[in-house]
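Here is the structure we will look at, set down as structure tokens.
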Amino acid sequence: IDLTTTLNKLHFKTPLMNAAGVHCATTTELDDLLDSQAGGLVTKSATLQPRTGNPDPRYANLPFGSINSMGLPNQGLDYYLNYANATALTHPDFPILLSLAGQSLAENLQMLERIQASAFSGLTELNLSCPNVPGKPQIGYDFDQMKTILTAVFQTFNQPLGIKLPPYFDLAQFDLVADILNQFPLAFINTINSVGNGLFINLETETTVIKPKGGFGGIGGSYVKPVALANVRAFRQRLNPAIQIIGTGGVVSGGDLFELILCGADVVQIGTTLAQEGTPAFGRILTELERIMAQKGYATLADFRGNLKTL
Ligand SMILES: O=C(O)c1[nH]c(=O)[nH]c(=O)c1I
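Each residue of the sequence shown is one higher than the one before, counting from 47 in the working numbering.
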């Protein structure tokens, strides 16, 4: 069974990695990912300066997933850029993605210029879908702003770049967003980010379970798998084949991983499952995938990628 895959020119030994924001905020967490069966890693979405983020409790595990309103806490771009450049020396073949979530176009352009001026040779993921910075609407739901940002970004940045998208729930929106994205030389899209501004209640205490934003937060885990499958499938059907797809959302088992690849994903990320189970989740899920592939007679991921059949 060959589990290898590629994203742009980066070679992944396995198609599974962390989702930005989970187990990737500090060098300790990032080194943990290096030593796991993950095929690559992505760093916590960065701003130019460090941020403390929203007040605790800002994350909660739920019966079928998680809710979070972290508020973009991170160590600042240089911390992650330094980590990426140091790791490239010790692990030259391990794919590293840098996630950016600047709070203005100017900040994003400043960060991209800093990356371009450095020795960084990985992939950059521009997060257009953080749902938890109070007062900042998600760029991914403002199509004019998205177009403006992508136009400016591709005039500035000549390294491979992908974007992290929020979930969409309307076929006309898939058409509209795909038409915008097809105008740009994107290396990949990553879909989905958490389903924004859900609410979970503690029935006993009659309270919310997280503090920020009156308890509203991004939903992840099994709750969102049907939304992730649909978004990966819809964009695979609509995007220029040169734009690859990272599939994220609701992956708990090897079957879930198989399904996202069947919808067209080239690489798959786990967030909630990694937060709850730790890095052993990578090996468990990959072993389950191998078993399913063997049962079905598939030797490589390309044997079934994107081959979902309709009735
Ligand atoms: O609250 C966060 O830090 C956060 N949380 C998410 O669920 N997605 C994101 O992109 C971000 I930047």
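Glycine is no exception: its CB is placed at the ideal position from the N, C-alpha and C atoms.
{"Check": "Roughly how many angstroms lie between the CA atoms of Leu143 and Thr251, to the nearest whole one?", "Outcome": "41 Å"}
{"Check": "What's the call for Gln95, buried or exposed, on a 16-neighbour Cβ count within 10 Å?", "Outcome": "exposed"}
{"Check": "Which class does Arg351 belong to by DSSP, given the choice of helix, strand or coil?", "Outcome": "coil"}
{"Check": "When you compare the CB positions of Gly296 and Lys271, do they come within less than 8 Å of one another, or not?", "Outcome": "yes"}
{"Check": "Compare the Cα-Cα distances from Asp77 to each of Gly310, Asn154 and Thr136 and report the closest residue.", "Outcome": "Thr136"}
{"Check": "For Arg104, does the three-state DSSP call read helix, strand or coil?", "Outcome": "coil"}
{"Check": "How long is the line joining the alpha carbons of Lys59 and Ser299, rounded to whole angstroms?", "Outcome": "19 Å"}
{"Check": "Nearest by alpha-carbon distance to Ile247: which of Val241, Leu118, Asn239 and Lys257 is it?", "Outcome": "Lys257"}
{"Check": "Taking the straight line between their C-alpha atoms, what separation do you get for Thr73 and Gly293?", "Outcome": "25 Å"}
{"Check": "For the putative contact between Leu53 and Pro141, defined by C-beta atoms under 8 Å, what is the C-beta separation to the nearest angstrom?", "Outcome": "7 Å"}
{"Check": "Looking at the secondary structure, which residues open and close the alpha helix (DSSP H) in which Gly329 lies?", "Outcome": "Pro326 to Lys342"}
{"Check": "So which of Ala106, Leu79, Asp139 and Gly317 has the shortest CA-CA distance to Ser240?", "Outcome": "Gly317"}
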